[in-house]
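Chains as they are written, first to last, in the working numbering: chain A, 9 to 255; chain B, 207 to 433.
First up is the structure itself, then whatever we jot down about it.
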Ligand SMILES: Nc1ncnc2c1ncn2[C@@H]1O[C@H](COP(=O)(O)OP(=O)(O)O)[C@@H](O)[C@H]1O
Ligand SMILES: [Mg+2]
């Protein structure tokens with residue numbers, strides 16, 4: 009039997025945009041069922057790192073071991089891997105020309121090659137799990153931001169991923185709508201989903217995260233359980249960032 | 207003869223209307239046929255070229271841009287004449303019908319390509335990323351996510367451009383294609399009276415005013431609330 013390793017391990021991930029180095033060799037791993045928050049100042053490379061995890065950005069060097077396979081390796085069928093890694097974006101990025109159900113079933117039809125009925129059955133179940141059973145036939149443009157983001161989460165969940173990446177999922181939402189999205193994430197955690205979340209919802213992180221990672225300048229400065237990182241950060245830069253955030 | 211009578215006699219002469227009507231109607235059939243074919247092949251080809259261009263493979267992009275620029279810059283009449291009178295010199299003889307269809311299709315394809323391309327690049331990057339992140343290939347993303355949105359955005363400019371180019375079916379008259387204008391000018395040369403031309407003008411309105419109205423209807427039908 010294989011030993012239980014992390015679900016995802018980034019090893020020495022480096023990335024530059026032209027002459028601008030953005031990631032300086034990130035080492036990072038996530039255990040099965042873990043919810044990890046990544047925090048840090050704007051421009052510190054959080055999104056870029058998250059996007060390296062499913063190769064929306066191509067790292068310049070390093071390895072990204074997902075489920076035992078280096079997905080940066082030659083011959084890896086990245087589109088197969090991406091069905092196992094969901095992603096949720098700050099701007100929702102729903103398809104405006106498709107209904108809610110159409111958004112959720114597109115990849116099931118075109119990638120997973122499910123029949124229309126099977127895809128719709130799975131799609132409806134995914135929408136039910138985010139509390140949007142009554143919106144299956146709505147067009148995305150008619151929904152509130154919170155509902156749109158929950159559709160986006162359902163779109164990721166419909167493919168039955170092992171890992172979901174969230175890039176500032178609540179940053180574009182009106183404050184009163186944030187709670188509905190966080191509730192869905194909390195529920196996902198209870199169901200054992202593995203999640204990497206870039207977010208500055210500090211209160212939610214403290215309550216729900218298993219681990220918080222502080223990034224700055226393309227490096228991981230410090231990481232630990234939320235209680236430790238928030239109450240007793242070891243690094244002065246972490247302290248400084250947190251005091252600015254809490255101010 | 208009063209001025210009014212002379213006007214009526216020049217443009218709306220009753221006997222001539224009766225005599226020329228069958229020719230004008232048959233010209234309308236020909237105009238509609240060519241216009242329909244040009245719209246189908248031109249828009250399909252334009253969409254195909256814009257889709258190809260989105261792969262950003264340099265030699266393909268360069269070829270498409272050169273094609274589109276030349277065909278958009280050249281007056282269609284010049285192209286019609288070059289192809290009709292030039293190709294036989296290299297041993298390829300095409301009927302006037304085929305030349306008109308080919309040239310106008312290529313011209314429409316050139317404009318349509320540019321319009322579709324503008325539509326494709328106006329779709330936010332997040333749409334590509336969301337689709338790719340679910341495992342859709344580049345081509346599947348283009349087909350199922352990007353083009354449906356790009357095509358909707360391009361319907362108003364494309365409708366206007368398509369109408370402008372299909373009106374060029376009148377160029378068929380210089381290479382003997384029996385479309386509306388050809389029928390009308392032939393009748394004029396026999397009668398020495400402008401009535402057939404007026405009938406031709408009305409025939410164009412009968413065809414193109416509904417098209418313009420349809421374009422407007424399609425435009426409002428295809429706008430949707432943006433997410
Ligand atoms: N596609 C890109 N091209 C060039 N520079 C980029 C690109 N994406 C991000 N960057 C730069 O990389 C740095 C890190 O960006 P990002 O990962 O978005 O940071 P964060 O998510 O932590 O705010 C920033 O300086 C940003 O301007
Ligand atoms: Mg970011």
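All C-beta atoms in this analysis are idealised placements derived from N, C-alpha and C, irrespective of residue type, glycine included.
| Item | Value |
| --- | --- |
| Terminal residues of the continuous beta strand (DSSP E) containing residue 173/A? | 171-175 |
| Within 10 Å of its beta-carbon, does residue 147/A have 16 or more other beta-carbons around it, so buried, or fewer, so exposed? | buried |
| Rounded to whole angstroms, what is the Cα-Cα separation between residue 206/A and residue 13/A? | 23 Å |
| For residue 265/A, would you say it is in contact with chain B, using Cβ-to-Cβ distances shorter than 8 Å as the test? | The displayed coordinates of chain A run from 9 to 255. Any statement about residue 265/A would go beyond what the structure contains. |
| Using a Cβ-Cβ cut-off of less than 7 Å, list which residues of the segment 113-136 of chain A approach chain B; keep chain order. | 114, 115, 118 and 119 |
| Per DSSP, residue 94/A forms a beta bridge with which residues? | 172/A |
| So does the segment 250-258 of chain B actually touch the segment 409-427 of chain B, counting three or more Cβ pairs closer than 8 Å? | no |
| For the putative contact between residue 230/A and residue 242/A, defined by C-beta atoms under 8 Å, what is the C-beta separation to the nearest angstrom? | 6 Å |
| Below 9 Å on C-beta distance, what does residue 342/B contact in chain A? | 87, 90, 114, 115, 118 and 119 |
| Confirm the yes/no value for this check: CB of residue 28/A, any heavy atom of ligand 1, distance under 7 Å. | yes |
| Can you find the residues in the same chain that come closer than 8 Å, C-beta to C-beta, to residue 207/B, ignoring five residues on each side of it along the sequence? | 215 |
| Which of helix, strand or coil does DSSP assign to residue 152/A? | coil |
| Is residue 355/B near residue 321/B, with beta carbons less than 8 Å apart? | no |
| Measuring from the CB of residue 54/A, is there a heavy atom of ligand 1 at a distance below 7 Å? | yes |
| Determine the direct distance from the alpha carbon of residue 337/B to that of residue 115/A, and round the result to whole angstroms. | 8 Å |
| Going by the C-beta, is residue 335/B closer than 7 Å to any heavy atom of ligand 2? | no |
| Which residue wins for smallest C-alpha separation from residue 134/A, given the options 101/A, 196/A and 97/A? | 196/A |
| Could you check if residue 249/A belongs to the surroundings of ligand 1, using beta carbon to heavy atom distance under 7 Å? | no |
| Could you give the residue range of the alpha helix (DSSP H) that holds residue 13/A? | First-last for residue 13/A: undefined, no H or E at that position. |
| Would you kindly check if the distance between the Cβ of residue 307/B and the Cβ of residue 443/B is under 8 Å? | Limits of chain B in this structure are 207 at one end and 433 at the other, which puts residue 443/B out of reach. |
| Mind listing the chain B neighbours of residue 95/A? Cutoff is C-beta to C-beta under 9 Å, in chain order. | 335, 336, 339 and 340 |
| Under a CB-based cut-off of 8 Å, is residue 9/A close to chain B? | Low local confidence applies: a pLDDT of 45 at residue 9/A is under 50, so the model's placement there is unreliable, with the coordinate-based value given in what follows. No, its Cβ sits nowhere closer than 8 Å to a Cβ of chain B. |
| Taking only heavy atoms of ligand 1 into account, decide whether any of them is closer than 7 Å to the Cβ of residue 97/A. | no |
| Report the neighbours of residue 358/B on chain A: residues whose CB is nearer than 8 Å to its CB, in chain order. | 105 |
| Is residue 205/A near ligand 2, judged by its Cβ being under 7 Å from some heavy atom? | no |
| So that I know if they touch, is there some Cβ in chain A lying closer than 8 Å to that of residue 351/B? | yes |
| Let me check one thing: in DSSP terms, what residues is residue 202/A bridge-paired to? | 171/A |
| Could you tell me if residue 235/A is buried or exposed, where buried requires 16 or more neighbouring beta carbons within 10 angstroms of its beta carbon? | exposed |
| Using a Cβ-Cβ cut-off of 6 Å (strictly less than) and excluding sequence neighbours within five positions of residue 18/A, which residues of its own chain qualify? | 34, 36 and 72 |
| Tell me the DSSP secondary structure of residue 431/B in three-state form. | Low per-residue confidence applies at residue 431/B: pLDDT is 41, beneath 50, and the placement is therefore not dependable, though the value from the model is reported in the following sentence. Looking at residue 431/B - three-state DSSP - the assignment turns out to be coil, as it is neither helix nor strand. |
| Please determine whether the Cβ atom of residue 273/B lies at a distance below 7 Å from any heavy atom of ligand 1. | no |
| What residue range does the beta strand (DSSP E) around residue 303/B cover? | Unbroken run through residue 303/B is the alpha helix (DSSP H), 302-328; no beta strand (DSSP E). |
| For residue 240/B, count neighbouring C-beta atoms within 10 Å of its own C-beta (all shown protein chains included) and say buried if the count is 16 or more, exposed if not. | buried |
| Using Cβ-Cβ distances below 7 Å, what residues of the segment 45-65 of chain A are close to chain B? | 62 and 64 |
| Quick check on the DSSP output: what are the complete alpha helix (DSSP H) runs of length 4 or more inside the segment 357-398 of chain B, in order along the chain? | 386-397 |
| Should residue 351/B be labelled buried (16 or more other beta-carbon atoms within 10 Å of its own) or exposed? | buried |
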